[in-house]
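**Q** There's a structure below that I have some questions on.
Number of protein chains: 2
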Amino acid sequence: MKEQLADYIQNKITVSAEELEIVLSYFKQLKLKKNELLLLQGQISQQTFFVCTGCLRIYFNTESGQEATRYFAFENQFATALVSFITSEASEEFIQAVETSEILYISHSDFHFLLETIPAWEKFYRLYLEKAYVNNTNRLMSFLTQDAAEKYKQLLAENPDIVKRLPNKLVASYLNISQETLSRLKSKI
Amino acid sequence: MKEQLADYIQNKITVSAEELEIVLSYFKQLKLKKNELLLLQGQISQQTFFVCTGCLRIYFNTESGQEATRYFAFENQFATALVSFITSEASEEFIQAVETSEILYISHSDFHFLLETIPAWEKFYRLYLEKAYVNNTNRLMSFLTQDAAEKYKQLLAENPDIVKRLPNKLVASYLNISQETLSRLKSKI
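Heads up: the sequence lines are chains P and G, in that order. Mapping of the first sequence onto this note's numbering: position 14 corresponds to residue 1030, and the numbering continues sequentially without gaps. Mapping of the second sequence onto this note's numbering: position 31 corresponds to residue 1047, and the numbering continues sequentially without gaps.
Here it is as structure tokens:
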């Protein structure tokens, strides 16, 4: 599992073998059952997670009481409730394993220790934040600027795995539409 | 104007006098008329802006064709259409001066030149991205998770200047509600 993370890191930044070993030493392994919750709304997000196998879901409750999914992290993706991880305030978001998953995680304090001691880790985190900003803004903007059909077409074009791999209930929560609307779109498009 | 920016930077990071002078040398001044547009939807965001006096507004068009304001940057705040600044793709957002404003700006290429040459600038940008991520996520989540009264109460608690300083039309666009709903809330709360 750690080789998978090592490959991911080396794809993003240039680090010496020694620095890489230090970074990897701060990650711990965890096995998760399907539907297991890693973080509840109201808790403080004190880890960030790297998915080796399986899938994590980050979601929140909308004004109308529906679950809206902000992000699915599949293999070789990082995920956390990032606002809470940055601010150390209570999270608006839940984190859940939606498949049996094997993950690596690092604590907030170890992550910040690496920022202080490994200069390239500052760049790693910058690239992480840039990607998170773009993903998150595009996701939330799509809820506000696109209708159901536009959202579904964009998902098929950019992220077809979500439609193929996950149950309709989760796909609908990702599009912030009802399951009935999703079924109608699937039969039409 | 450059002293104002120098103070802002020194509040965030530790830089030598020489490094600070290099950083400041890449910023240029601009005066803006009220309502002047700095960026249109569809253009690529190639600068980031620091407000010395006045106010910039970042906004986008919602599914129903209304303008929704994502951010007001007053004095001593940075602002840009950040997704486009990161990706160099067309912006979903507009940038507009909503008051007569004096600003400083730096180009995307000069900003990235500083990331390569001034190590502390990497940390400056990291703090910038963290703040932007938190602000932006909280703003867009509030559109999706709070009703009009909740949004208005939170605005009064966290950012009363927006209500005091700006016209109702802009305040309503910031809350993503109609001007009529805003008037009703103002008379009740």
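In this text, a Cβ means the ideal position worked out from N, Cα and C, and glycines have one as well.
#1: DSSP state of P:S1189, grouped into three classes?
#2: Heavy atom of the ligand ADP less than 7 Å from the Cβ of G:N1154, yes or no?
#3: Among G:L1145, G:L1036, G:K1050, which one has its Cα closest to the Cα of G:T1064?
#4: Using a 10 Å radius around the Cβ and a threshold of 16 neighbouring Cβ atoms, would you call G:N1152 buried or exposed?
#5: How is the alpha helix (DSSP H) around P:S1041 delimited, first residue to last?
#6: Under 7 Å, CB to CB, which of the residues in the segment 1091–1109 of chain G have a partner in chain P?
#7: Taking all protein chains shown into account, do 16 or more other C-beta atoms lie within 10 angstroms of the C-beta of G:K1167, making it buried, or fewer, making it exposed?
#8: In chain G, which residues lie less than 8 Å from P:A1033 when you measure between Cβ atoms?
#9: I'd like to confirm the pairing. Which residues does DSSP put opposite G:Y1075 in its beta bridges?
#10: Of all the options G:I1029, G:Y1024, G:Q1020, which has the alpha carbon lying nearest to the alpha carbon of G:R1142?
#11: Taking the alpha carbon of G:A1084 as the point to measure from, which residue in G:E1196, G:A1165, G:R1200, G:K1185 has its own alpha carbon closest?
#12: Following the continuous alpha helix (DSSP H) through P:T1133, name the residue where it begins and the one where it ends.
#13: Are any of the Cβ atoms in chain G nearer than 8 Å to that of P:T1133?
#14: With a threshold of 8 Å, are at least 3 pairs of Cβ atoms found where one atom belongs to the segment 1069–1076 of chain G and the other to the segment 1095–1113 of chain G?
#15: Whole-angstrom Cβ separation of G:V1099 and P:Y1149, contact assumed at under 8 Å?
**A** Answer, in terms of the structure:
#1: Locating residue 1189 of chain P in the first sequence gives position 173, where the first residue counts as 1. In the structure shown, P:S1189 sits in a helix (DSSP, three-state: H, G or I).
#2: In the structure shown, the ligand ADP is absent, as is every other ligand, since no ligand is present at all.
#3: Mapped onto the second sequence, residue 1064 of chain G falls at position 48. Of the candidates G:L1145, G:L1036, G:K1050, the one whose C-alpha sits nearest the C-alpha of G:T1064 is G:L1145.
#4: What you label residue 1152 of chain G is simply residue 136 of the second sequence in a count that begins at 1. By the 10 Å Cβ count, G:N1152 comes out buried.
#5: Taking the first sequence and counting its residues from 1, one reaches residue 1041 of chain P at position 25. 1033–1041 is the span of the alpha helix (DSSP H), which, as asked, contains P:S1041.
#6: L1098, V1099, I1102, T1103, E1108
#7: Sequence index remark: in the second sequence, residue 1167 of chain G carries index 151 (1-based). With 16 or more Cβ atoms within 10 Å of its Cβ, G:K1167 is classed as buried.
#8: The residue you call residue 1033 of chain P lines up with position 17 of the first sequence. Ordered by position in chain G, no residue passes the 8 Å Cβ test against P:A1033, which lies about 22 Å from the chain.
#9: Locating residue 1075 of chain G in the second sequence gives position 59, where the first residue counts as 1. The partner list for G:Y1075 (beta bridge, DSSP) reads G:T1085, G:F1110.
#10: Along the second sequence, one-based indexing puts residue 1142 of chain G at 126. Closest by alpha carbon: G:I1029.
#11: Here residue 1084 of chain G refers to the residue found at position 68 of the second sequence. Comparing Cα positions, the closest option is G:K1185.
#12: One-based indexing of the first sequence puts residue 1133 of chain P at position 117. From DSSP, the alpha helix (DSSP H) with P:T1133 extends over 1124–1133.
#13: Taking the first sequence and counting its residues from 1, the one referred to as residue 1133 of chain P is at position 117. It does not; no Cβ of chain G falls within 8 Å.
#14: yes
#15: In the second sequence, the residue the question calls residue 1099 of chain G occupies position 83. In the first sequence, the residue the question calls residue 1149 of chain P occupies position 133. Right, their Cβ atoms sit about 7 Å apart.
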